[in-house]
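There are 2 protein chains.
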Amino acid sequence: MAEPIRIALDAMGGDHGVTEAMRGAARLSLEDSDIHVLCVGDVAAMDAVLGETQHDPSRLTLVRSGGAVPMEARPRTALAELPSCSVLTAARVVEDGGADALVSAGNTGATVLSAAETFSILPGIRRAALASVYPTAQPHGPKGDPFALMLDVGATLHATAEDLVGFALMGTAYSSVVSEIASPRVALLSNGAEASKGTAAIVDAHGRLLDGPLHFSGNVEGLDIPKGSVDVIVCDGFLGNVVLKMLEGMGDVLSSLAAEASARRLQWRIGLSMLSGGLREIQRLTDWKMYGGAPLLGFDRVVIKAHGRSEAGAIRNAIKVAAKTVRGDLLGRIEDGVSALRLDGSP
Amino acid sequence: MAEPIRIALDAMGGDHGVTEAMRGAARLSLEDSDIHVLCVGDVAAMDAVLGETQHDPSRLTLVRSGGAVPMEARPRTALAELPSCSVLTAARVVEDGGADALVSAGNTGATVLSAAETFSILPGIRRAALASVYPTAQPHGPKGDPFALMLDVGATLHATAEDLVGFALMGTAYSSVVSEIASPRVALLSNGAEASKGTAAIVDAHGRLLDGPLHFSGNVEGLDIPKGSVDVIVCDGFLGNVVLKMLEGMGDVLSSLAAEASARRLQWRIGLSMLSGGLREIQRLTDWKMYGGAPLLGFDRVVIKAHGRSEAGAIRNAIKVAAKTVRGDLLGRIEDGVSALRLDGSP
């Protein structure tokens, strides 16, 4: 049997803290023989959860750290004050070769900063990108995933043309490994389909991607985001942040609409109970942030940022996604893409 | 009785052309005694529609024009080739004082360009903005409008800080006249609530608006767009275009979801039929582009761009909105704001 994939889990991060993180790791230990989780955090607290949760002790290791970054803390200040906090310790475990990838549901800024302080940017990649899956009307790839990928959603506010090309490459590599799409369709988000539309960086990136080896579908518009007409959408972190939060807001509005209606009116309630398929659809449109997690791409180590609201099931999924990217050699694929796109300065 | 408000209607524009435009004008002529519509287009075609449609001939005038800009035409080329087309002729009628405002459901670019070629930019305003209402979870103003206003959504791709301040002012004026909100809450769309978040133009505009006389609510994020936590959201035309088309795409996805479900499954069908209130909500989230129309702001004449898909009811609404802006002295309010914000260079 192959060596297990080792995932370092920041077990203290996330809205639900150590309880849900450890429950997620425990659940996974019972079902997957291929993954070993190094749980980083307050050992007594982690042990207490394990004492109440069924798990396979041969697939879990506890690693001691000091303190945890609060969800609302300022990342730079918090990391300076807590130099041996769980997320930074987990990153160091990965950097030292003790684990293959990092998973955290904690403070996003602190996770990005821990990666930046601990890992190196891959050769040929200029700026890191935080990617996110989001729900689409159209399915994607051989598994029929009802999700597409968007990046950057907040790591790099202003992206140059070269940054955007790097994001397109990294998104393609991630989508091919995780969604198992042989040749993911990748597009730039702009204000029109024509090559001349958009900011100077978008127009320049468009030209470079047309000449490159990726499956470039040109520009897409806002309409295409919910439709899901491509597999990977590329934009700068400012635009991606607005779009992603807007999708989240739409989900909140839809679910509160449904909840309110169901609480208030009998007729609504009967209608809703008959709409089980429809409710599942609405749930998919609202709970999507719980599934999978958001990869932080561009470093020489894999980082998966699980949503802060993650419960045990979502933590388990994020660990599985991280293991899948290691197994599928995500970083090797990005390196190959750097050469093919000549981002490393090769002639 | 006061003089009627005179609206010049481009009667040839829109996906449904002269038929729906004239039906809208005809319907309005029967119900409102305060508005006179100058219908600009092919006189024989307009007359043919009136021949089959109940109307009040004392409130409709026909104005002859030559040709119409196709919906998919390139605006600059089309206007050069059709110098007496309906939208340009209608704009000239307004410029010459023959009407108080312009309404068109035609090619958006051609409408914007006709305004730019015919009207003047208001003193102190640097760039025009196309605004759009969109549906929100929270109601707005004394009428409880389930809509908020966003601008710019496509007229000015790159906005400076001064442009953004101008948009905030114009959006405030429009919202106070049309939604009858005494002091509309206006905010900048950014990637975080803090004053330091966003592009240099946003940070600069934030400082200027904090010092100014508007009801400035600071920055809002993507989450706030569907929630509707403010009355007016300000952004550059690139971002606004992506956001607006995304809202449109979400509406399309929701309505096709509902239509598909209703066609396919009896259980769904029964569920949907009981959800009459819910369906009305979904309809509001999908058909909103039909109501009201989008004001083009910044010129010394009022221009209302009705959606291309507008049918008679939407045309009628757009004409009523245009008349309301004239009656409420929208342009005077913008001019007052220019002085109050010292955009005219006054000390």
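Chains as they are written, first to last, in my numbering: chain V, 1 to 347; chain L, 1001 to 1347.
From the three backbone atoms N, C-alpha and C, an ideal C-beta is built for every residue, glycine too.
- Fewer than three beta-carbon pairs drawn from the region 1190-1207 of chain L and the region 1115-1132 of chain L are found closer than 8 Å, and the two stretches are therefore not classed as touching.
- When beta bridges are read from the DSSP output, leucine 341(V) appears opposite no residue.
- For the region 185-197 of chain V, residues whose beta-carbon sits nearer than 7 Å to a beta-carbon of chain L comprise Leu189, Asn191.
- Assigned with DSSP and collapsed to three states, phenylalanine 1167(L) falls in helix.
- Non-local beta-carbon contacts of proline 1142(L) in its own chain, meaning distances under 6 Å to residues more than five positions away in sequence, involve Glu1180 in chain order.
- Apart from sequence neighbours up to five positions away, the residues of its chain that approach arginine 1301(L) with a beta-carbon distance below 6 Å are Val1094, Phe1119, ordered along the chain.
- Within the same chain, and ignoring the five residues on either side of serine 1065(L) in sequence, the residues whose Cβ sits closer than 7 Å to its Cβ are Val1040, Gly1041, Ser1084, Cys1085, Ser1086, Thr1089.
- The beta carbons of arginine 1006(L) and leucine 1038(L) sit closer together than 8 Å.
- Taking threonine 1019(L) as the centre and dropping the five residues before and after it, the same chain places the C-beta of Val1049 closer than 7 Å to its C-beta, in chain order.
- Under the Cβ distance rule, asparagine 1219(L) does not count among the residues neighbouring chain V, no pair being separated by less than 8 Å.
- In chain order, Leu38 place their CB closer than 6 Å to the CB of threonine 61(V), counting only its own chain and leaving out the 5 sequence neighbours on each side.
- Here serine 1217(L) carries a strand assignment [DSSP, helix/strand/coil].
- Taking a 10 Å sphere around the C-beta of serine 339(V), we find fewer than 16 other C-beta atoms and assign the residue as exposed.
- Annotation for lysine 1305(L): the continuous beta strand (DSSP E) segment containing it runs 1302-1305.
- In the structure shown, the three-state DSSP call for aspartate 10(V) is strand.
- Below 8 Å, too few C-beta pairs join the region 1310-1319 of chain L and the region 1181-1190 of chain L to call them touching: fewer than three.
- Three or more beta-carbon pairs separated by less than 8 Å link the region 216-233 of chain V to the region 1236-1253 of chain L, which places the two stretches in contact.
- Of the candidates Pro1295(L), Gln1138(L), Gly1251(L), the residue whose Cα lies closest to the Cα of serine 1229(L) is Gln1138(L).
- Secondary-structure assignment with DSSP links arginine 64(V) through a beta bridge to Gly41(V).
- With respect to chain V, the C-beta atom of aspartate 1145(L) has no partner C-beta closer than 8 Å.
- Listed in chain order, the positions of the region 154-176 of chain V with a beta carbon within less than 8 Å of a beta carbon of chain L are Gly154, Leu157, His158.
- Counting the other CB atoms within 10 Å of its CB gives glutamate 1003(L) a total below 16, which places it among the exposed residues.
- If you draw a 10 Å sphere on the C-beta of threonine 1077(L), you find fewer than 16 other C-beta atoms in it, and that means exposed.
- For valine 18(V), the enclosing alpha helix (DSSP H) stretches over residues 17-31.
- Residue burial annotation: alanine 1115(L) is buried, with at least 16 other C-beta atoms found within 10 angstroms of its C-beta.
- Judged by their CB atoms, arginine 27(V) and alanine 312(V) are nearer to each other than the 8 Å cut-off.
- Of the other Cβ atoms in all chains shown, 16 or more fall within 10 Å of the Cβ of histidine 1140(L); this residue is therefore buried.
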